[in-house]
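I have placed the structure first, in the form of structure tokens, so that the comments after it can refer back to it.
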Amino acid sequence: MFQDILRESWVYREIVEEGLEKGREEGREEGRIQEQQDMLIRLVQVRFPELLGLAKQQSSGVMKPGILSSVNLNLATAQTIEEARKLLLNISKDETKH
């Protein structure tokens, strides 16, 4: 009975809604991260296939889509494999700066 009364209160409904919204936002963020990680892997696979293992290793732990997006842009314009390698190796350094 008390639980029914509690569930009908505006406070309870608001708390539940806040929790649901937070969960949705976290899901969207995870989706953006996954999308950027996939893009990075595809870019490397097409342009610098020799670096595919390094790309997978370096991108797997990055949890900031902005960093991945920036690396993707730089990889798309990288002129040499060495330039691409440096970009990939610096991913973890970039993440600790932000």
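Residue numbering for the sequence shown follows the working numbering, starting at 2 and increasing by one per position.
Positions of the beta carbon are idealized from the N, C-alpha and C atoms, including for glycine.
DSSP-derived helix/strand/coil call for residue i
{"i": "residue 24", "result": "helix"}
{"i": "residue 93", "result": "helix"}
Whole-Å CB distance - residue i paired with residue j, under 8 Å assumed
{"i": "residue 60", "j": "residue 41", "result": "5 Å"}
{"i": "residue 55", "j": "residue 82", "result": "11 Å between Cβ atoms; not a contact."}
{"i": "residue 66", "j": "residue 14", "result": "Not really, about 32 Å apart at Cβ, beyond 8 Å."}
{"i": "residue 63", "j": "residue 92", "result": "6 Å"}
Opening and closing residue of the alpha helix (DSSP H) in which residue i lies
{"i": "residue 85", "result": "82–90"}
Buried/exposed call for residue i, threshold 16 Cβ in 10 Å
{"i": "residue 68", "result": "buried"}
{"i": "residue 44", "result": "buried"}
{"i": "residue 85", "result": "buried"}
{"i": "residue 38", "result": "buried"}
{"i": "residue 17", "result": "exposed"}
{"i": "residue 72", "result": "buried"}
{"i": "residue 79", "result": "buried"}
{"i": "residue 76", "result": "buried"}
Which ranges does the beta strand (DSSP E) cover as unbroken runs of at least 3 residues, wholly within the region 34–76, from first to last along the chain? none
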